[in-house]
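For reference, each letter of the sequence shown is one residue, going -17 to -1, 1 to 346 in mature numbering (1 follows the signal peptide of the UniProt record, and there is no 0). Each residue gets a CB set at the ideal place from its N, CA and C atoms; glycine is no exception.
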Amino acid sequence: MFFIVVCFLVFSYSAHGQPSDAYRSWSGANSFFAWALPQDDQITLINTLREKNVRVIRIFLATIDNGQAGSRAIAANDIERYRVGSPYTDSDMLTRVDQFIRNIDVYGAGRIKLIIALHDRYSLGCYAYKADSYVSKYGIPTASECSPPNDASNFYSNEQAKTDFVNRLRYLLDHVNPHFVQRWGSLNRVIFSFQIENESQGHMSTFNARWMCDINTRIRSFVNNGVLLSTGGDVDFGLSLRLENFQCSALDLISLHDYTMNEDYSRGKFQEAIRLAQQYGKRVYVEEFGGRGDAEMAQALNRIAATAHQQGLPWLVWQIVPNARSGDYEFFTKDRIAWTAFEHQAYWAQMSSSTFQWPEIWN
């Protein structure tokens, strides 16, 4: 046993005491509407995160409010806000995301990649005022401010809705970024992974257990050249750990979401996730956690992020946005308690060994 432990340490760490790139963890940040920010805010975000050796930023494709979360975001419509299917007329969003991808390449200096959620469950009528057109086409009930959340099961159970959604995903994955003259689905220079949807079927009493694997199987051939497919998480660790996702051959990565502050509970769920991932040939990372306000965000980072990389899992905090409101789930350098905790934990993430290899990050 002693010999095995020594060999692991020799091969997992470099001569400088850092983990070798073969098994090295990493940190990331959600900034779901970063592509809708003004160019100077985008550049500030990317430069700041690069300087902290942050490796991944996660964004969503969805309708964005003017001044979203108190930021300087410029309003944008989803490509299917007013109409399901081809022709997809709201191309302004794609133009702006293309530019953001270009900014990641330039200002990230090859050290930052993107996770892109190609849809958001909460666009399905949870915020009625910016629902997309699936809501009207498939008779999905709406909620005024997602409180309580609405039941969007019509979307996940209807076969025509599945076909419409797959057409959306294929259209996006085949979209050619003019700055690279390369389709999104193969743009491994900048894109780490795609997700068909953020928190699919979240906050619902009914659940179609086959939906996630079915849709990912249908689009698998459109994602290639080393770009990965991940789940997009769910509203808590338990739902993020659905066995059907681990058993799905079309999925590469399982992402975990939860806003608990209990590090012991988190540790147990991380260990469960690692066991399942090893059993079914997947990789796992923590994709959403955080706290509301400066002190609570710091607490989340010092408890949950620290527990994640201590267990060998990379993580992304929710969420880092320049010039956003204070006292909520957004933070940046002006939030000194949270930012200090973020700097500390981001440093130790990339100094920690991971249970899994991440060649797409440390290439």
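- In the DSSP assignment, GLY11 falls within the unbroken beta strand (DSSP E) covering 10 to 13.
- Between the alpha carbons of TYR90 and ILE26 lies a distance of about 7 angstroms.
- Sixteen is the threshold: since fewer than 16 other Cβ atoms of the shown chains lie within 10 Å of the Cβ of LEU226, the residue is exposed.
- DSSP places ALA144 in the uninterrupted alpha helix (DSSP H) bounded by 142 to 157.
- Remark: C-beta atoms of SER54 and ALA307 approach each other more closely than 8 angstroms.
- Secondary structure note for TYR117: its alpha helix (DSSP H) is the uninterrupted segment 117 to 120.
- Between the stretch 203 to 217 and the stretch 118 to 126 there are fewer than three inter-stretch CB-CB distances shorter than 8 angstroms, so the stretches are not counted as touching.
- LYS317 is classed as exposed because its beta carbon has fewer than 16 other beta carbons within 10 Å across all chains shown.
- As DSSP reads the structure, PHE177 sits in a beta bridge with ILE99 and LEU212.
- Spanning the alpha carbons of SER238 and SER176 requires a straight line of approximately 11 angstroms.
- A contact between stretches requires three or more CB pairs, one per stretch, nearer than 8 angstroms, and the stretch 218 to 233 meets this requirement with the stretch 178 to 195.
- By the C-beta density criterion, ASN208 is exposed, having fewer than 16 other C-beta atoms within 10 angstroms.
- With a contact defined as Cβ atoms closer than 8 angstroms, ILE98 and ARG41 qualify at about 4 angstroms.
- Sorting SER8, SER3 and PRO2 by C-alpha distance to the C-alpha of ALA288 places SER8 at the top.
- Shown here for VAL159: same chain residues with a beta carbon closer than 6 angstroms to its own, the five before and five after excluded, namely ARG166 in chain order.
- Contact between ARG33 and ARG94 holds: their C-beta atoms lie close to 6 angstroms from each other, under 8 angstroms.
- Counting other Cβ atoms within 10 Å of its Cβ, GLN262 stays below 16 and is therefore classed as exposed.
- For HIS240, the uninterrupted beta strand (DSSP E) segment begins and ends at 236 to 240.
- Shown here, ALA307 sits in coil according to DSSP, grouped into three states, outside any helix or strand.
- Rounded to the nearest angstrom, the Cβ distance from ARG64 to THR46 is 5 angstroms, consistent with a contact under 8 angstroms.
- For ASN49, the secondary structure class from DSSP, reduced to helix, strand or coil, is coil.
- Only buried fits TYR312, as 16 or more other CB atoms lie within 10 angstroms of its CB.
- Note on geometry: alpha-carbon atoms of SER127 and ARG275 lie some 22 angstroms from one another.
- Per DSSP, the unbroken beta strand (DSSP E) holding LEU299 starts and ends at 298 to 300.
- Rounded to whole angstroms, HIS327 and ASP147 show a C-alpha spacing of 44 angstroms.
- Linking ASP48 to SER106 through their CA atoms gives a straight-line distance of about 12 angstroms.
- Distances from the alpha-carbon of TRP331 to those of MET187, TRP18, LYS265 and ASN36 put ASN36 closest.
- Positions of the beta strand (DSSP E) runs, each at least 3 residues long and wholly inside the stretch 242 to 302, are given as 266 to 271 and 298 to 300 in order along the chain.
- Per DSSP, reduced to three states, the secondary structure at ILE62 is coil, with no helix or strand assignment.
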